[in-house]
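Novice:
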Ligand code: WTA
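Residue numbers (my numbering): 3 to 633.
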């Protein structure tokens with residue numbers, strides 16, 4: 003059996019053996035990689051003991067598999083093409099050999115700074131090649147990377163650095179996103195006032211704006227790297243050693259640091275990339291995500307490099323200098339595979355097809371979608387105008403926790419159906435749960451999506467809080483991993499993800515917890531309480547609706563709302579800004595004091611015809627007030 007699936011019957015036989023002979027199936031796939039020592043046992047642990055291990059006893063370094071392994075055969079092949087925010091600015095490329103050398107240099111820099119195996123290194127950066135180099139160098143020396151998306155605020159950054167006591171921060175002077183300059187170093191400096199664990203902050207020049215360098219703490223990347231040796235022997239890691247931490251939002255509490263490990267994650271990232279996208283050796287693959295999210299970890303960084311593929315890395319946004327930027331880049335680089343989010347598709351769809359038709363998109367072979375449900379209209383537009391009805395669309399469902407794609411078509415192999423993520427990847431066993439916590443059998447059913455068995459890419463724990471890991475994912479349905487998503491399985495056995503069923507919103511493909519936004523709003527002096535719900539938004543998928551109870555009626559409501567937005571930006575970042583805010587005198591609560599979010603959601607959706615039974619409310623009269631004042 004080859005690891006590359008080439009037909010639907012091969013998919014079926016892969017799937018069958020992944021279910022029936024799980025260990026030997028994954029064992030065979032893992033044999034393709036460079037191991038310093040072979041594993042003793044392919045898999046152990048389960049969703050009850052939560053001591054999940056893959057390739058235990060195996061020794062490796064993932065960067066040898068991403069870089070060294072390719073040098074002989076494809077050292078001079080482009081690993082990354084890079085395009086900055088402004089057209090043609092900073093444009094350059096790196097071959098596998100060059101990337102290898104840069105990674106080794108920075109590995110030496112980190113080592114000279116005293117970073118050792120197991121230490122945490124935080125990245126708060128622009129989408130620049132140094133981010134890719136830095137992440138890989140961290141992995142090469144056996145340290146753990148924690149990339150924090152460059153759109154988060156200083157407080158959010160500080161919280162993440164503190165949670166995993168990072169020793170080093172790597173940042174940029176600033177970055178450009180569209181017409182805006184974002185002063186990353188300034189934001190990082192604010193954060194570092196409360197981060198005693200950070201010993202050094204390494205600054206990469208990007209926007210060339212003046213920054214303050216703190217004596218003894220801040221150092222320049224270019225100074226450090228100048229004389230560093232381009233040779234560095236990769237540190238031997240256990241398959242189960244942590245590779246990275248990535249923070250994500252849940253329905254309660256502060257963001258959780260999911261921990262992914264070296265061996266299982268590598269095998270899963272590579273195997274999914276290879277088969278979902280079906281990339282050929284001469285192709286140019288482009289994933290438009292940011293490395294600050296899981297999509298950028300698995301499908302910009304590790305998946306493509308493990309497969310020796312050429313990728314494009316882009317700093318900017320789809321609408322700058324105009325809404326034709328994606329199409330321009332596809333033509334310019336001959337992009338064959340485009341992997342993007344429904345939000346971007348919807349935003350570009352709203353701009354019409356003139357800019358699309360100006361460009362030659364004939365290089366495209368495969369289109370991908372990720373991060374949120376794709377609505378039928380966007381799917382059809384993508385298919386017709388971008389793929390010219392000639393490129394399969396892979397609608398890939400997965401999560402930060404799953405490490406890689408879980409339910410998906412394989413490009414050109416699985417028959418697609420608009421809005422359906424279709425079928426499970428080999429090794430993945432999805433089940434749908436009914437209200438009584440029993441598995442639905444058969445097809446034509448909807449329920450809560452769970453996963454019944456472990457796969458190599460699953461996050462092993464929440465950093466520093468294994469108990470929370472158990473509680474969050476394995477307590478709703480004991481013995482199952484609960485995804486937090488609702489899902490339909492149609493008559494053909496195809497899966498369609500219908501969205502979150504918990505208090506997590508998906509705003510422009512970003513996961514945001516309602517509790518996090520409420521906590522931020524409640525920090526305003528004049529706020530007593532707030533409740534956040536998501537509502538359907540044409541471009542963003544979901545928008546954020548805030549109901550706010552004030553201490554005193556604000557004299558100037560517009561000013562008050564501006565201040566509330568300011569709080570959210572300060573505590574989390576601009577991505578969590580409410581789209582609508584309603585000042586209210588109370589919230590619909592049950593007698594036990596629980597907010598009835600169902601009612602709040604309905605009002606936010608503008609659907610007040612059937613609010614269901616409100617008689618059990620402590621204060622039924624509030625419902626009319628909310629309805630009347632709805633925005
Ligand atoms: C949602 C992003 C529908 C889902 C990779 C999931 C999707 C959450 C899809 C994870 C899809 C992701 N169709 N919904 N193809 N892909 N989601 O952790 O609600 O940022 O639980 O990982 O995004 O978001 P995360």
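Glycine included, every Cβ here is placed at the ideal spot set by N, Cα and C.
All values derive from a computational prediction rather than experimental measurement.
State the DSSP-derived secondary structure class of residue 462, mapped to helix, strand or coil.
Specialist: Of the three classes helix, strand and coil, the one that applies to residue 462 here is coil, per DSSP.
Novice: Taking 8 Å as the threshold, find out whether the stretch 135-146 comes into contact with the stretch 320-329 through three or more Cβ pairs.
Specialist: Result no; under three Cβ-Cβ pairs closer than 8 Å.
Novice: Per DSSP, what kind of secondary structure is residue 404 in: helix, strand or coil?
Specialist: Residue 404 falls in the helix class under three-state DSSP.
Novice: Could you have a look at residue 524 and say whether DSSP puts it in helix, strand or coil?
Specialist: Of the three classes helix, strand and coil, the one that applies to residue 524 here is coil, per DSSP.
Novice: Pick out whichever of 594, 625, 586, 584 has its Cα sitting closest to the Cα of residue 600.
Specialist: Of the candidates 594, 625, 586, 584, the one whose C-alpha sits nearest the C-alpha of residue 600 is 625.
Novice: If we ignore side chains and look at the alpha-carbon of each, how far apart do residue 396 and residue 370 end up?
Specialist: Rounded to the nearest angstrom, the two C-alpha atoms are 5 Å apart.
Novice: Quick check on residue 164: does DSSP put it in helix, strand or coil?
Specialist: Correct three-state label for residue 164: helix.
Novice: Under a Cβ-count criterion, where at least 16 other Cβ atoms within 10 Å of its own Cβ denotes burial, should residue 157 be classed as buried or exposed?
Specialist: Flag for residue 157 reads buried.
Novice: Using DSSP with H/G/I as helix, E/B as strand and the rest coil, what is residue 548?
Specialist: Three-state DSSP puts residue 548 in a strand.
Novice: Of the residues 203, 195, 146, 277, which one's Cα is nearest the Cα of residue 239?
Specialist: It is 146.
Novice: Pair every Cβ in the stretch 64-79 with every Cβ in the stretch 28-37, then say whether three or more of these pairs are closer than 8 Å.
Specialist: Yes, the stretch 64-79 touches the stretch 28-37.
Novice: Count the other C-beta atoms from every protein chain shown that fall within 10 angstroms of the C-beta of residue 500, then say buried if there are 16 or more, exposed otherwise.
Specialist: Result: exposed.
Novice: Which value, in whole angstroms, describes the spacing of the CA atoms of residue 375 and residue 308?
Specialist: Approximately 28 Å between the Cα atoms of the pair.
Novice: Tell me whether residue 275 sits in a helix, a strand or coil according to DSSP, three-state version.
Specialist: Correct three-state label for residue 275: helix.
Novice: How is the beta strand (DSSP E) around residue 574 delimited, first residue to last?
Specialist: Residue 574 -> no beta strand (DSSP E), and no H or E assigned at all.
Novice: Rounding to the nearest angstrom, what Cα-Cα distance links residue 354 and residue 337 in this structure?
Specialist: If you take the alpha carbons of residue 354 and residue 337, they lie about 21 Å apart.
Novice: Whole angstroms is fine: what's the gap from residue 82's alpha carbon to residue 121's?
Specialist: Distance between the alpha carbons of residue 82 and residue 121: 27 Å.
Novice: Is residue 530 buried or exposed, if buried means 16 or more other CB atoms sit within 10 Å of its CB?
Specialist: Per the 10 Å Cβ criterion, exposed.
Novice: Let me check you understand the geometry: is the CB of residue 371 closer than 7 Å to at least one non-hydrogen atom of the ligand WTA?
Specialist: Indeed, a heavy atom of the ligand WTA lies less than 7 Å from the Cβ.
Novice: Is residue 544 close to the ligand WTA? I mean its beta-carbon at under 7 Å from any heavy atom of the ligand.
Specialist: No, since every heavy atom of the ligand WTA falls outside the 7 Å radius drawn around the Cβ of residue 544.
Novice: Give the straight-line distance between the Cα atoms of residue 319 and residue 442, rounded to the nearest whole angstrom.
Specialist: Their backbone Cα atoms lie some 42 Å apart in a straight line.
Novice: So who's on the other strand from residue 507, going by DSSP bridges?
Specialist: Note: residue 507 sits in a beta bridge opposite 514.
Novice: Here's the rule: buried if 16 or more other CB atoms are within 10 angstroms of the residue's CB, otherwise exposed. What is residue 622?
Specialist: With fewer than 16 Cβ atoms within 10 Å of its Cβ, residue 622 is classed as exposed.
Novice: Where do the N-terminal and C-terminal ends of the beta strand (DSSP E) with residue 342 fall, by residue?
Specialist: Residues 339-342.
Novice: I'd like the list of long-range same chain contacts for residue 128, defined as Cβ closer than 7 Å, with 5 residues on each side in sequence excluded.
Specialist: Answer for residue 128: 152, 174, 177, 186, 208, 317, listed in chain order.
Novice: Are the Cβ atoms of residue 280 and residue 193 separated by less than 8 Å?
Specialist: Not a contact, by the Cβ cut-off of 8 Å.
Novice: Distance check for residue 547 and residue 114, CA to CA, integer angstroms please.
Specialist: Looking at the two C-alpha atoms, the distance is approximately 49 Å.
Novice: Work out the CA separation of residue 348 and residue 18 for me, nearest whole Å.
Specialist: Straight-line Cα distance between these residues: approximately 37 Å.
Novice: For residue 85, does the three-state DSSP call read helix, strand or coil?
Specialist: Reduced to three states, the DSSP call for residue 85 is strand.
Novice: Which residues does DSSP pair with residue 533 in a beta bridge?
Specialist: Note: residue 533 sits in a beta bridge opposite 549.
Novice: Counting only the same chain and skipping the five closest in sequence on each side, list residues whose C-beta sits under 6 Å from that of residue 300.
Specialist: Answer for residue 300: 271, 406, listed in chain order.
Novice: So, residue 163 versus residue 124, is the Cβ gap smaller than 8 Å?
Specialist: Result yes, Cβ atoms of residue 163 and residue 124 sit closer than 8 Å.
Novice: Residue range of the beta strand (DSSP E) that residue 72 falls in?
Specialist: From DSSP, residue 72 is part of no beta strand (DSSP E) but of the alpha helix (DSSP H) over 71-76.
Novice: Does any heavy atom of the ligand WTA sit closer than 7 Å to the C-beta of residue 423?
Specialist: Yes - the ligand WTA has a heavy atom lying nearer than 7 Å to the Cβ of residue 423.
Novice: Would you call the stretch 230-239 and the stretch 489-498 in contact, with 3 or more CB pairs under 8 Å?
Specialist: Not touching, per the Cβ criterion.
Novice: With a threshold of 16 other CB atoms inside 10 Å of the CB of residue 633, please say whether the residue is buried or exposed.
Specialist: So residue 633 ends up on the exposed side.
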